[in-house]
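A.B. asks:
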Amino acid sequence: MKLELIRIAKKKDEKIQIYYKEQSSLIQRIVELVEAEDIERLEGSNDKAEKVPIKISEILYFEAVDKRVFAYLKSEVYQVHYSLSEIEHHFKSHGFVRINKSTVINIYHIETIRPELNMRVKAILDNKEFLFINRTYKRQFEKFLKERITR
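The letter at position 5 of the sequence shown is residue -3 when you use this note's numbering, and the numbering goes up by one with no holes.
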């Protein structure tokens, strides 16, 4: 079996193609793994207290406000029942990293990173919202970003 990896510039352009003569158990496991990664969801509540499945890849960031945690998508906000530390730990492999005391961001939705005063960094998301990475978390954020880029 031959494996070919090609690095691309944007996550949005990622794709996986599998060429096979017969669908073996290995091929099936690979397909299941990719499908599970693509559709992994968590449960959130909207403002009507309805339970809603949220696709993890669509979450721009999580924010803690008044002891509650919210997931921010491009145009919706849902309350989730995880702590920020649980989110940071469990969804690290999906590109989530802590950027300040109350926010965990999805690096795959960052469009631009710009230095600001007082050693803070401004992260502009693909929906044009911006968040600040404070100096306490800056080194951890840069290390996380570097690890993802070199993969």
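Idealized CB from N, CA, C, for every residue including glycine.
Buried or exposed for Y11, going by 16 or more other Cβ atoms inside 10 Å?
C.D. replies: Y11 comes out exposed.
A.B. asks: Let me check you understand the geometry: is the CB of I141 closer than 7 Å to at least one non-hydrogen atom of the ligand ADP?
C.D. replies: Within the structure as shown, the ligand ADP is missing, as the structure has no ligands at all.
A.B. asks: Taking the C-alpha atoms as reference points, what is the distance between K43 and Y70?
C.D. replies: Between K43 and Y70, the C-alpha separation is close to 9 Å.
A.B. asks: Exposed or buried, R155, counting other C-beta atoms within 10 Å across all chains shown (16 or more means buried)?
C.D. replies: The chain is shown from -7 up to 143; residue 155 falls before or after that span and cannot be answered.
A.B. asks: Could you pull out every residue in the same chain whose Cβ sits closer than 7 Å to the Cβ of N38, ignoring the five residues on either side in sequence?
C.D. replies: Taken in chain order, the residues that qualify are V44, Y70.
A.B. asks: According to DSSP, simplified to helix, strand and coil, what is S94?
C.D. replies: Coil, per DSSP.
A.B. asks: Could you tell me the distance, in whole angstroms, from the CA atom of I125 to the CA atom of L(-3)?
C.D. replies: Each residue's alpha carbon lies about 32 Å from the other.
A.B. asks: Given a cut-off of 8 Å on the beta-carbon distance, is the pair F54 and I79 in contact?
C.D. replies: A contact, by the Cβ cut-off of 8 Å.
A.B. asks: When we look at the beta-carbon of T128 and count the other beta-carbons within 10 Å, is it buried (16 or more) or exposed?
C.D. replies: Burial call: exposed.
A.B. asks: Quick one: residues in its chain with C-beta nearer than 8 Å to the C-beta of I148, no 5 flanking neighbours on either side, listed in chain order?
C.D. replies: Residue 148 lies beyond the stretch modelled for the chain, which goes from -7 to 143, so this question has no answer here.
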